[in-house]
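Taking the numbering used here, the leading residue of the sequence shown gets 306, the next gets one more, and so forth. Glycine included, C-beta positions come from ideal geometry on N, C-alpha and C. Note sheet for the following structure.
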Amino acid sequence: MAKRIPQPTQPPRERAFLVGVEIYQQKHNLSLEDSLTELALLSDTAGLEVVGQLTQKLIHPHVETYIGPGKVKELKALAEETLSQVIIFDDELSPRHQRELEKALGPNIRVLDRTALILDIFAQHAHTAEGMLQVELAQYEYFLPRLTGQWTHLARQAGGGGGRTGSTGGVGLRGPGETQLEVDRRAIRARIAHLKRELEKVRAHRMRYRAQRKRSRIPTVALVGYTNAGKSTLLNRLAKADVYAANQLFATLDPTTRRIELPGGYQALLTDTVGFIQKLPTTLVAAFHATLEEIAEADLLLHVVDISHHNALNQYKSVQETLNEIGAGHIPTVTALNKIDRLSRPEVARETVRNFPKAIAVSARTGVGQAELLDLIKQELYERYTPVLVRLPYQQGALISLFHEVGQVERIEHERGGVLMQGRIPGRLAAQFSPWLVTENRAELEREEEV
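Rendered as structure tokens:
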């Protein structure tokens, strides 16, 4: 009789309880219910088991505990009843809120917020040296103001869902005491300074790489969109690539670039970037500055929207707001309404197209709409011309030559500090000329473009 080989068992997942607060007159693109649903998905991605949730409406956050004292008592009772080990707030907590909540809830319950949870997921999904540097920087900048004498608190929280990231391992968290606290703060500040220097080297390398790409005259298209919209799957479809794609939030963190073939023998470089999300932590935006520059320097944005999601329009708005924040709102954009294969009536997506600018209904999984999307990308990159009025310094001789070479010059004036040029340039080059746009004429040029 054959012996049964014992199978390895998965360790039990930590139990998490969610807390959402709706602040009076504080507007978000997602409702409180939808935001908590998203937080539950984030928790699952981090390896946590969600066992319940609590909500409260407030005029403003409570000074000490963010939620009211009565709700804190209710939360403690619910956490004990559900055997919760982690409490996760949907908003970013101040260091004081976190300290007071942990004091009120007891030593056996950790308190996290949305930012700490996202940091943990990013740490799990960062595989390149650059990605790991960016995540580590974001973690240290988040934890620095939260340092207390409770070193075990910091060590536990570094991993969000079980101490996986280990970002505090090299700091020397040995014990309580004001002197030790200052020693460790200095050590963390020194580490932050080192990480910023390393990331500056990465940024310089990216700038050289982008300059090389521009010299090759192959335009760059940046894939942007809400997390889990299907960007990586679409990249694989368009570029015939094998980039990792999974049905989970933030499956892709490190940017990936592939060459795609466009109709008529044209080419473009397609770059997959990190997915956006509502309430994207400011520490992440700062830490991922070098990566986000890939978006801001692109010739065209391909905004992927999960049209099967009931909050598709609000997710679209959240991404557009983030693009404006990082200085990429001016870049020409094509919209891919993805996942129409999930709709019971795919014609609904085609009817919805009119609600989005320059949109094509597609399925990255089946390939529906691929030809139309590639044709629209080609039109935007190689056939659409944008009216511009720019004042180019003489040091920007390459751009002056580029305007003459591929643009339509309608007016040119040589001034003391540079050249004033007016005309039309291919849409894919608009981002390169944007720093020197004569802003007082921008509204007039936009009207001209509409005509």
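### Buried versus exposed, by CB contacts within 10 Å (16 or more), K807
Summary: the structure shown does not reach residue 807, with the chain confined to residues 306 through 756, and so no result is reported for it.
### Query
Does the separation of the CB atoms of Q727 and Y690 fall below 8 angstroms?
No, Cβ-Cβ distance for Q727 and Y690 is not below 8 angstroms.
#### Entry: Whole-angstrom distance between Q675 and A654, CA atom to CA atom
Inter-residue distance for A654 and Q675 is about 15 angstroms (C-alpha atoms, whole angstroms).
### Task
State the beta-bridge partners of L449 as determined by DSSP.
According to DSSP, L449 bridges with nothing at all.
### Message
Rounded to whole angstroms, what is the Cα-Cα separation between G535 and P568?
### Response
Answer to the nearest angstrom: the Cα atoms are 23 angstroms apart.
### Query
Going by other Cβ atoms of all chains shown within 10 Å of its Cβ, with 16 needed for buried, is G477 buried or exposed?
Low local confidence applies: a pLDDT of 42 at G477 is under 50, so the model's placement there is unreliable, with the coordinate-based value given in what follows. Exposed is the call here.
### Query
Any chance the region 329-345 sits against the region 410-417, with 3 or more Cβ pairs inside 8 angstroms?
No, because fewer than three Cβ pairs between the region 329-345 and the region 410-417 fall closer than 8 angstroms, the two stretches do not touch.
### Task
Rank P731, T576, D395 by C-alpha distance to the C-alpha of L346 and give the top, closest one.
With distances taken between Cα atoms, L346 lies closest to D395.
### Message
Measuring CB atoms only, is the region 428-445 touching the region 494-503, in the sense that at least three cross pairs come out at less than 8 angstroms?
### Response
Taking 8 angstroms as the limit for Cβ pairs, the verdict is that the region 494-503 does touch the region 428-445.
### Task
Please go through the region 395-422 and give each complete alpha helix (DSSP H) segment of 4 or more residues, from N-terminal end onward.
Complete alpha helix (DSSP H) runs here, min 4: 400-410.
### Task
Could you say if the region 642-657 and the region 665-674 meet the contact criterion of at least three C-beta pairs nearer than 8 angstroms?
The region 642-657 makes contact with the region 665-674: 3 or more CB pairs, one atom from each, lie closer than 8 angstroms.
### Task
Tell me, to the nearest whole angstrom, how far the beta carbon of Y531 is from that of I582; I am working on the premise that it is less than 8 angstroms.
That belief holds up - the Cβ atoms of Y531 and I582 are roughly 7 angstroms apart, short of 8 angstroms.
### Query
Does DSSP put T671 in a helix, a strand or coil?
T671: coil per DSSP, three-state reduction.
### Query
Per DSSP, what kind of secondary structure is V590 in: helix, strand or coil?
In this structure, DSSP gives V590 a helical state, which the three-state scheme calls helix.
### Task
Kindly list the residues whose CB is nearer than 6 angstroms to the CB of P651, restricted to its own chain and excluding five residues on each side of it in sequence; keep chain order.
Excluding positions up to five away in sequence, the list reads I645.
### Query
With respect to the alpha helix (DSSP H) encompassing Q625, which residues constitute its N-terminal and C-terminal limits?
For Q625, the enclosing alpha helix (DSSP H) starts and ends at 617-630.
### Message
Count Cβ pairs between the region 354-362 and the region 317-325 that sit closer than 8 angstroms; are there 3 or more?
### Response
Segment contact: the region 354-362 against the region 317-325, three or more CB-CB distances shorter than 8 angstroms; contact assigned.
#### Entry: Unbroken stretches of the beta strand (DSSP E), 3 residues or longer, contained in the region 306-378
Counting whole runs of 3 or more residues, the region 306-378 contains the beta strand (DSSP E) stretches 319-328, 353-363.
### Task
Consult DSSP for A736 and reduce its assignment to one of helix, strand or coil.
In the structure shown, the three-state DSSP call for A736 is helix.
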